[in-house]
Amino acid sequence: MQNIYLTIVFAPLVGAVIAGLFGVGRRVAHTVTIAGVGISFALSAYAFYKLVFAGGEVFNETLYTWAVAGNVKLEVGFLVDSLTALMMVVVTFVSWMVHFYTIGYMRDDPGYQRFFSYISLFTFSMLMLVMSNNFLQLFFGWEAVGLVSYLLIGFWFTRETAIYANLKAFLVNRVGDFGFLLGIAAILMFFDSLNYTEVFAQVDVHKDTTMQIISGYDWSVMTVICILLFIGAMGKSAQVPLHVWLPDSMEGPTPISALIHAATMVTAGIFMVARMSPLFELSEVALSFVLVIGAITALFMGFLGLVQNDIKRVVAYSTLSQLGYMTVALGASAYAAGIFHLMTHAFFKALLFLGAGSVIIAMHHEQDMRKMGGLWKYMPITYITALIGSLALIGFPGFAGFFSKDAIIEAVHHADRAGATFAYYAVLFGVFITALYSFRMFFLVFHGKERMDEHTRSHLHEPSAVVTWPLIMLAIPSVFIGGLTIEALLYGEYFQNAIFVTPEHNFFNPADYHGVWGFVVHALGQPPVWLAGAGFGTAYYLYMSNTELPGRIKDKLEWLHGILVDKYGFDRFNEWFFAGGSRGIGSFLWQQGDAKIIDGGLVNGSAKTVNWFSGVIRHMQTGLLYHYAFSMILGLALLLGIFVLW
Amino acid sequence: MTLIELNMLMPEIILLSMASLILIIDAFLPDDLRDLTYQLSQGTLIGVGLVIFSTYPQQTELALHGMFVTDPMGATLKLFIVGIVFFTFLYSRSYLKERNFFKGEYFTLGLFATLGMLIMVSAHNMLVIYLGLELLSLSLYAMVAMHRDSQSATEAAMKYFVLGAIASGILLYGMSMLYGMTGTLDLNELSQSLSTLDEYHTALVFGLVFIVVGLAFKLGAVPFHMWVPDVYQGSPTSVTLFISSAPKLAAFAMVMRLLVDGMGHLHSDWQDMLILLSILSMAIGNIVAISQTNIKRMLAYSTISHVGFLLLGILTADKAGYAASMFYVVSYALMTLGGFGMILLLSRAGFEAENISDYKGLNERNSWFAFIMLILMLSMMGVPPMLGFWAKFSVVMQLINSGMLWLAIVAVLFAVIGAFYYLRIIWMMYFEKPEETAPIEDTMDMRVAVSANGLLVLGLGLMPHTLMTICLSAFSLV
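First to last, the sequence lines map onto chains A and B. For the first sequence, our numbering assigns the number 2 to the initial residue and increments by one for each residue that follows. For the second sequence, our numbering assigns the number 226 to the initial residue and increments by one for each residue that follows.
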């Protein structure tokens, strides 16, 4: 198995290296990378099969020891259990689909090979992240996916906005990573190990340990560690207030928005918290924190989706909101539900993004929905798949998103933890918002008046098969994956060895489960479905039948619209406070500290002093013999004075 | 006096005989055969070197009723002295020729000065030390003054002579005080009787101060350094080269003989004096060198600062420190030889190449010699992997080992300040446009010798253990 896992990880890397470093042609570039990721997917599926259905052993071994310093071992190793296997399959499958899709989307781009190299490199990094058996490698993968994300957001590096966006993503992620790194350091400090198994084995030892960050106040070590780790997750998984980079990341090409900024990388934080469930379970405070942050993200980021006109940005805010749902699940100790939603979301959100990309291709890279409309008759495949994706997203009964989202809402409903009530109403109302912005987008793009110009209209057509085929491939799991896996993932023993939930926190009791249809029928009587329906209805009324109304509402509620368009002012605040503040401090330190004190005072000052001194002493060398003789006598007198008389 | 004892004096005897012989031959040589003087002198040096090498002593042996000593340290220093004088003569020949100045006196005086140095190294009696010192000094005074038409040379000789006479007087005064206290001139006996005279400590220190002043003058340590810049600048460059290199080895030996062999008992007193002299030398030398425009004068101040470093090893008053100092003085002699050799190489009749601005754009004129100069400057600065780095490194290491961390820090700080003026030359060589554009012309032996000199500084820096082993074995530490 070891060789299989190594191949899974390194096949994409080899592809990335060949495509990126050897100056190969377009055809070779996409062939090797698709082959690499294809191998990876096939083997991941095989490993998944072996582990889940053929009763394979959990693989947990260190393969390479990089360095040993005292008790600290820096190692590379794999931990492949049911959680990892699931992630591997999702990552490689979505990545593979995106690779195909890219052939069509990037057809005319001069950076074709570079793009393939990057996305394969991303696949490698993501696999390293999810397959790691220790915190160091986790951090490596974490940073590596961040790097690739940075490179891909700024893929079109001549665009001012793209450079701004990737720098922003980079900086915001530094904040998160800082917390993450501190968390890892704290783990190393208290557990004296970086290996998951070794750390989890001694969690009970530190259950009640406290530490003093500010002297006089005792903090639970577990709470500190978990919150620090979660700050890392907030950066990567774009939770309020570290979410600001994700909407801007849409500056990157659409395939990576689908792969990295919707399906996989941004869910790394969710995955990480689920992986660390033995730690998080010990800190009620940290879980409440997670719960509240997730709920805020889920609801308030959804609102922002309502006022966006850029098709990709609507999907981006939807992603933020859905990440909030996953985080809420984590906070409610329903890690399995979080991962379940992660998986279903990966499929339908990748589908929505790729659908949006397909529309963008057809519209000649026009992304403003106000210039679309009535596209359904020009591009039927995109239309149907986008409808499937939207239904999955809003949680239409029977579709993938329905099961996962409902499970989360149910779990939060039954959680008794500080913040749970707020979280419940947030995610509940979020369902309405989700349906509203999803179908607002759907109607604006595919129905209604055709608002594009004549030239564009005459060229509208379905993109080639490399674009539509991945849509279809992703549409299938978007419909079925939820119903197929809910029993195993939530009520079965699938995550038994991978995720740890304290029994009193566990909501998903197998006894409560009565089959898929039972779940659906039960849900029909619950508020989420009705709220989703209401959202759909509202969207239909506002954007199909009474299209004047949205404008009038906007005029009436100008202040509210202003707040939403302003994205609650996060960007403005960051721009003013953090960016401006840093620049201010930087320029103050540069001018006052560096230029004046260090350069002017210490460096040039000491040089000037020495120089001045040199000039003065130089004049003592008068050239007059009796001065010299006098100096010798003086020296003699000095020595006598000091050493004899003193 | 047995024949074996005579054997120990063989290098000095040969040198004396040959110097006298060459003096006579030279008097009868027509000017166009002057090369013979040069060749005979060089042959003599080679011969003396071989004799020293073949009679290399394994332990300390006394001769002539304890007035003369041979030991590994002495023999090693003598070998370096003879070798460095050899190179000095080699560098000087074309310089003297170009200036119609190719007289036998330079070489005969040089040989007598060398004899004086050898005697200083081997002297084991205060009077013999003084004898060697005077033989060296008188020869040097005459050499400085040799260029009779040059006003600056005459002035320099005058200053050197007067100040040297004062210093000699002070040294003699100190010796006489010690003689008065102990009744002996022999270093061994001096050393023994000093340990019995603790109640007269003040009087002994009084004498010690005079001796230290005399030594400090010879080394050129601040505040007895005033002669150094004037003499270095005023003398013909070939003489400056002579003064600045080999005599420092002899002066080191003299310090070792007098302070360590003779007055080791008073080490805690001379230690403090040397600390003071060392700090002053490093400070004044490095700081004043910065504002110099004449490279000979700059190198004079650089010498002063190197003397400060040299003293650092001695003042640890332990064998490893002495070895480090010896390493330092040998390295210094090799570097300064190369530095002045480069000035000689670049100069020609009517152009002395002694202004720092004359080095502008040297890289454009001749990149090879610019590179050699680069090595020499970096080495003087103390940049790895040059020889000068290991020299500074070993004395600073010994300081730290002796618990004088603060002094080590002071030394390194001044070395950093000193880096400036070496770097300025490098900067001028590589980043400025040349003001002087005439091609560099010199004889082949000169070019080869200067190149070899520079590469030796680099090579020894890459393999510092070779020279270090020699220095350690001189103090029986290996």
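Cβ atoms here follow ideal geometry from the backbone N, Cα and C, with glycine treated the same way.
Can you grab the Cα-Cα spacing for the pair residue i / residue j, in whole Å?
| i | j | result |
| --- | --- | --- |
| A:D193 | A:D178 | 21 Å |
| B:A628 | B:T541 | According to the sequence provided, residue 628 of chain B is Gly. The question's Ala does not apply to it. B:G628 and B:T541: Cα-Cα distance of roughly 9 Å. |
| A:Y106 | A:E252 | 15 Å |
| A:T422 | A:H414 | 7 Å |
| B:E661 | B:T462 | 19 Å |
| A:V468 | A:V360 | 11 Å |
| A:F123 | A:E451 | 38 Å |
| B:M371 | B:D423 | 48 Å |
| B:S416 | B:H490 | 7 Å |
| A:G217 | A:T210 | 15 Å |
| A:P254 | A:T103 | 9 Å |
| A:P551 | A:H562 | 11 Å |
| B:I642 | A:A630 | 28 Å |
Residues in the same chain with beta-carbon distance under 8 Å from residue i, minus the five sequence neighbours each way, listed in chain order, please.
| i | result |
| --- | --- |
| A:N605 | none |
| B:I309 | S470, A471, L474, A558, L559, L562 |
| B:H349 | L287, G291, M292, F293, V294, D411, L412, N413, R482, D486 |
| A:W220 | T211, M212, Q213, I214 |
| A:P471 | M98, V99, F101, Y102, L355 |
Beta-carbon within less than 7 Å of residue i's beta-carbon, same chain only, minus the 5 sequence neighbours each way: which residues are those?
| i | result |
| --- | --- |
| A:I500 | L84, A275, S278, Y336, A337 |
| A:F158 | I164 |
| B:G445 | V453, T528, I529, V532 |
| B:K585 | M653, E657, K658, P659, E660 |
| A:M474 | M98 |
| A:V176 | G236, L243 |
| A:Q203 | F192 |
| B:L234 | A288, F293 |
| A:V15 | G37 |
If you check the beta carbons only, do residue i and residue j fall under 8 Å apart?
| i | j | result |
| --- | --- | --- |
| A:V146 | A:A269 | yes |
| B:L240 | B:T280 | no |
| B:V480 | B:I468 | no |
| B:K384 | B:T465 | no |
| B:V447 | B:I509 | yes |
| A:F116 | A:F156 | yes |
| A:L437 | A:A351 | no |
| A:A476 | A:V293 | no |
| A:G484 | A:V517 | yes |
| B:L302 | B:A478 | yes |
| A:L243 | A:R418 | no |
| B:F312 | B:A616 | no |
| A:Y40 | A:A12 | It should be pointed out that residue 40 of chain A corresponds to Ile in this sequence rather than to Tyr. Their beta carbons are under 8 Å apart, which means A:I40 touches A:A12 by this criterion. |
| A:Y6 | A:V81 | yes |
| B:I600 | B:M567 | no |
| A:Y654 | A:K406 | Within the shown structure, residues of chain A are numbered from 2 to 647, placing residue 654 of chain A beyond reach of any answer. |
Tell me, to the nearest whole angstrom, how far the beta carbon of residue i is from that of residue j; I am working on the premise that it is less than 8 Å.
| i | j | result |
| --- | --- | --- |
| B:L334 | B:S364 | 5 Å |
| B:V307 | B:T262 | At roughly 18 Å, the Cβ-Cβ gap does not stay under 8 Å, so B:V307 and B:T262 are not in contact. |
| B:D667 | B:S319 | 6 Å |
| A:F354 | A:S391 | So it is not a contact: roughly 12 Å between Cβ atoms. |
| B:I581 | B:M523 | 7 Å |
| A:G358 | A:A387 | Not really, about 11 Å apart at Cβ, beyond 8 Å. |
| B:M406 | B:G389 | Not quite, the Cβ-Cβ distance comes to about 26 Å (not below 8 Å), so this is no contact. |
| A:M370 | A:V446 | 6 Å |
Under 6 Å Cβ to Cβ from residue i, same chain only, skipping five residues before and after it: list those, please.
| i | result |
| --- | --- |
| B:L403 | G432 |
Where are the alpha helix (DSSP H) runs, 4 residues long or more, that stay fully inside the region 373–403 of chain A, in chain order? 381–395
For the region 416–501 of chain B, list the beta strand (DSSP E) runs that are entirely contained and at least 3 residues long, ordered along the chain. none
Curious, which full-length alpha helix (DSSP H) runs of at least 4 residues does the region 98–171 of chain A contain? Runs found: 113–132, 136–154.
Please give me, in chain order, every unbroken run of the alpha helix (DSSP H) with length at least 4 that falls completely inside the region 562–647 of chain A. 571–574, 581–589, 605–619, 626–641
Segments assigned beta strand (DSSP E), at least 3 residues, entirely inside the region 293–330 of chain B: 293–295
Any chance you could list the alpha helix (DSSP H) runs of at least 4 consecutive residues sitting entirely within the region 644–670 of chain B, in chain order? none
Within the region 213–284 of chain A, note down every full alpha helix (DSSP H) run reaching 4 residues or more, in order along the chain. 222–237, 246–249, 255–259, 269–276, 278–281
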